[in-house]
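From first to last, the protein sequence lines are chains R and V.
Whatever position you read off the first sequence (first residue = 1), add 67 for the numbering used here.
Whatever position you read off the second sequence (first residue = 1), add 839 for the numbering used here.
Every residue, glycine too, gets a C-beta built ideally from N, C-alpha and C.
Remarks on the structure that follows.
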Amino acid sequence: GQQVMQIPQYQHVQEGEDFTTYCNSSTTLSNIQWYKQRPGGHPVFLIQLVKSGEVKKQKRLTFQFGEAKKNSSLHITATQTTDVGTYFCAGPGSGAGSYQLTFGKGTKLSVIP
Amino acid sequence: DSGVTQTPKHLITATGQRVTLRCSPRSGDLSVYWYQQSLDQGLQFLIQYYNGEERAKGNILERFSAQQFPDLHSELNLSSLELGDSALYFCARRRGNSNQPQHFGDGTRLSIL
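Now the structure itself:
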C-alpha cells in the first residue's frame, strides 16, 4: 500500500535557526497536506499543495511540492518557540483509497530558547 | 474551534473491558474519520464513514468497530481491551470531497491498566 515517509523524526534547533522537514510518498499524489500538532494538542491543518512544483508561503513557513508530485518539504525560517510541535505531511491514496489520508510519522521539532 | 466534539476526553479502564468513544462533527459535514495515535507515533487511520456508510477501512483491529448515525455523530467501540490499546483516539471531520482538509477533534485519551 501507499507509504509516506518523513525525515528527520526529531529535530532540535536553537531559536532563530532554520528548520526543514522532508516528506516522500511511494506513489504520485493528487495533493499533499501539512498538519501541525502542538504538544498535548490535536493535528491542525496548515496548508494543501496541489500543483507540480508548487510553492506556498505562510509568514516564516515555506511549503514545496515536488515536480513529480511524490515529495514535499516544509521550511521554517528563524524558528521561534511557538513553532514547537510535530509536523505531519499527509497524502490521499489513489482509486478506492482516495477517501483516506496516509500520514507520515511526523517530525518533532524542539526549539531551544 | 475545529468543529468536532469528542467525548470523553479521558478514559481509564482495565484489560478485557469494552469502551465507546463518541464523535460529533459540525452540522453538514458528512465524513468522519477515526485515527489512533500511540505515544510518539504517527496517526494510524482506522476507519472512515460517509453519510452513515463505511467508506474506507485502515488498520482497524477486529476487536474494534464503528458506526455513524443518522444525525452524523459517530461512535468507535473498542472491546477486549489490551494494554497496547492505550493511545489517543482522534476523530476528524471533512466537508466535501477527498481533496479537502480534515479537521480534528481534541481526542480521547484511553489508558488501559
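Query: DSSP beta-bridge partners of A135(R); Result: According to DSSP, A135(R) bridges with nothing at all.
Query: Bounding residues of the beta strand (DSSP E) (the contiguous stretch that carries I899(V)); Result: Segment: none, I899(V) is in no beta strand (DSSP E) and carries neither H nor E.
Query: A157(R) - containing beta strand (DSSP E), residue span; Result: G152 to P159
Query: Counted within 10 angstroms of its Cβ, other Cβ atoms place L922(V) as buried (16 or more) or exposed; Result: exposed
Query: Identity of the residues DSSP links to F884(V) by a beta bridge; Result: Y874(V)
Query: The region 850 to 859 of chain V touching the region 144 to 155 of chain R, judged by at least three CB pairs closer than 8 Å; Result: no
Query: Residue interval of the beta strand (DSSP E) (run including V858(V)); Result: V858 to P864
Query: Through-space distance from P180(R) to E82(R), alpha-carbon basis; Result: 5 Å
Query: Those residues which DSSP pairs with A853(V) across a bridge; Result: DSSP output for A853(V) lists no bridge partner at all.
Query: Residue span of the beta strand (DSSP E) that contains Y928(V), given as start and end; Result: A926 to R933
Query: Cβ pair F130(R), L113(R) closer than 9 Å; Result: yes
Query: Residues bridged to R105(R) [DSSP beta-bridge criterion]; Result: According to DSSP, R105(R) bridges with nothing at all.
Query: Any C-beta of chain V under 9 Å from that of A236(R); Result: Residue 236(R) lies beyond the range of chain R shown here (68 to 180); nothing can be said about it.
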